[in-house]
Amino acid sequence: MIGLALFCGSAGLIAGVVKFLLDFYRERHRRPAITVTIGDESIDLPNSFTDTQVAQVVALLKDIAAKRESPI
Amino acid sequence: MAGHKKTIAERGKRVLFWLGFSVLFSLGPLFVNFLLVREKHHGFNRSYIPELYEQGELLVIAGALCADGMGRLLNHKSGPTFLNIFCLICVVVLLFISSTEYGFVASQVRAVGHIDSFVSGDCLILYLCAVAAGFGAVCAED
């Protein structure tokens, strides 16, 4: 019983610390949020967006800006 | 980068609060007992330490710490991960062991009035294991 308790205590501690370190690593290497600016206005895109999604959003915004004749 | 620093700082603060309030202050009743034991023996040395928890109080505190850890791990904001579930299983097993051990200890206390030195050593080990697993649960909490 004490052996099982020792195992669970140390395993729980290690699992928690590993999870903490993994989260720390992910947070540290997270891509920064992308800011797209149209004229005076700017919009922040979530950093969870893939490169393709970012390109699509930028293309769409360029389209809208071209229609409004605003610089991007 | 500022966001990451804030998150780590928040987590560090949470761990410190847990160590201070859940672990340290939960030993408050034992501190009062320490004062009584010191008064009884007109002093205190290491051999009197088992007298502080001779009725299995540490097992109750260990159970409470495990229950707190369970609550923290079940209240996750993102989806459950393997490490969360593993930590949760460890905490649940420790809660089960400390509860069972307290059952045995309670019957010994009813018969003799206090636990023997062998069982008091087990109580201390179980308590330290619960603190370790609880610390892991606080670290793994989202």
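These protein sequence lines are chains A and B, in that order.
All residue numbers for the first sequence refer to this note's numbering, where the first residue is 1 and numbers rise by one.
All residue numbers for the second sequence refer to this note's numbering, where the first residue is 1001 and numbers rise by one.
The C-beta atom is built at its ideal place from N, Cα and C for all residues, glycine as well.
At the 8 Å Cβ level, is residue i part of the contact set with chain A, yes or no?
{"i": "B:G1136", "result": "yes"}
{"i": "B:F1086", "result": "yes"}
{"i": "B:A1064", "result": "no"}
{"i": "B:C999", "result": "What the structure shows of chain B is the stretch from 1001 to 1142, and residue 999 of chain B is not part of that stretch, so it cannot be assessed."}
{"i": "B:H1004", "result": "Because B:H1004 sits at a pLDDT of 46, beneath the cut-off of 50, its placement in the model cannot be relied upon, and the point is left open."}
{"i": "B:D1116", "result": "no"}
{"i": "B:L1124", "result": "no"}
{"i": "B:L1036", "result": "no"}
{"i": "B:L1027", "result": "no"}
{"i": "B:I1008", "result": "yes"}
{"i": "B:V1023", "result": "no"}
{"i": "B:R1014", "result": "no"}
{"i": "B:E1054", "result": "no"}
{"i": "B:V1105", "result": "no"}
Is the shortest distance between the beta-carbon of residue i and the beta-carbons of chain B less than 8 Å?
{"i": "A:A59", "result": "no"}
{"i": "A:E27", "result": "yes"}
{"i": "A:S10", "result": "yes"}
{"i": "A:A66", "result": "no"}
{"i": "A:L4", "result": "yes"}
{"i": "A:F24", "result": "yes"}
{"i": "A:F49", "result": "no"}
{"i": "A:A15", "result": "yes"}
What is the C-beta distance between residue i and residue j, in whole angstroms, given that I count them as a contact (C-beta under 8 Å)?
{"i": "B:A1133", "j": "A:L45", "result": "Not confirmed; about 40 Å, so no contact."}
{"i": "B:V1109", "j": "B:G1069", "result": "Going by Cβ atoms, the distance from B:V1109 to B:G1069 rounds to 26 Å, so no, they are not a contact pair."}
{"i": "B:V1023", "j": "B:V1093", "result": "Between B:V1093 and B:V1023 the Cβ distance is about 20 Å, and since that is not below 8 Å, they are no contact."}
{"i": "B:C1090", "j": "A:A11", "result": "5 Å"}
{"i": "B:C1087", "j": "A:A65", "result": "Actually they do not touch by this definition, with Cβ atoms about 50 Å apart."}
{"i": "B:L1052", "j": "B:V1037", "result": "6 Å"}
{"i": "A:G9", "j": "B:L1128", "result": "7 Å"}
Would you mind working out which of the options sits nearest residue i, comparing C-alpha positions?
{"i": "A:L4", "options": "B:H1114, B:L1083 and B:I1097", "result": "B:I1097"}
{"i": "B:F1025", "options": "B:I1008, B:I1061 and B:N1045", "result": "B:I1061"}
{"i": "B:R1072", "options": "B:L1059, B:W1018, B:L1128 and B:A1009", "result": "B:W1018"}
{"i": "B:L1058", "options": "B:E1141, B:N1033 and B:L1016", "result": "B:N1033"}
{"i": "B:G1118", "options": "B:L1128, B:C1129, B:V1105 and B:A1111", "result": "Reading off the sequence, residue 1118 of chain B comes out as Phe, not Gly. That would be B:V1105, whose Cα lies nearest to the Cα of B:F1118."}
{"i": "B:I1115", "options": "B:H1076, B:P1050, B:L1095 and B:S1099", "result": "B:P1050"}
{"i": "B:V1112", "options": "B:V1037, B:E1054 and B:F1031", "result": "B:E1054"}
{"i": "B:R1011", "options": "A:F7, A:M1, A:E27 and A:C8", "result": "A:E27"}
Given that residue i touches chain D, what residues does it touch there, using C-beta distances under 7 Å?
{"i": "B:D1068", "result": "Absence of chain D from the displayed structure is noted, the protein chains being A and B."}
Check for me: the alpha helix (DSSP H) holding residue i runs from which residue to which?
{"i": "A:F40", "result": "Reading off the sequence, residue 40 of chain A comes out as Asp, not Phe. Segment: none, A:D40 is in no alpha helix (DSSP H) and carries neither H nor E."}
{"i": "A:R30", "result": "First-last for A:R30: undefined, no H or E at that position."}
{"i": "B:T1100", "result": "F1082 to V1112"}
{"i": "B:L1058", "result": "E1057 to L1074"}
{"i": "B:K1077", "result": "Element bounds for B:K1077: n/a, residue is neither H nor E."}
{"i": "A:V76", "result": "Residue 76 of chain A falls outside the range modelled here, since chain A spans only 1 to 72, and no answer is possible."}
{"i": "B:H1050", "result": "Reading the sequence as shown, one finds Pro at residue 1050 of chain B and not His. Looking at the DSSP string, the run of the alpha helix (DSSP H) that includes B:P1050 is I1049 to L1052."}
{"i": "B:L1035", "result": "G1028 to H1041"}
{"i": "B:G1136", "result": "S1117 to A1140"}
- request: Please confirm if the segment 38-47 of chain A is in contact with the segment 1113-1132 of chain B, defined as three or more CB-CB distances below 8 Å between the two stretches.
  value: no
At least three beta-carbon pairs within less than 8 Å, the segment 1130-1137 of chain B to the segment 1055-1074 of chain B: yes
- request: Determine contact between the segment 1081-1101 of chain B and the segment 19-26 of chain A, defined as no fewer than three beta-carbon pairs at a distance below 8 Å.
  value: yes
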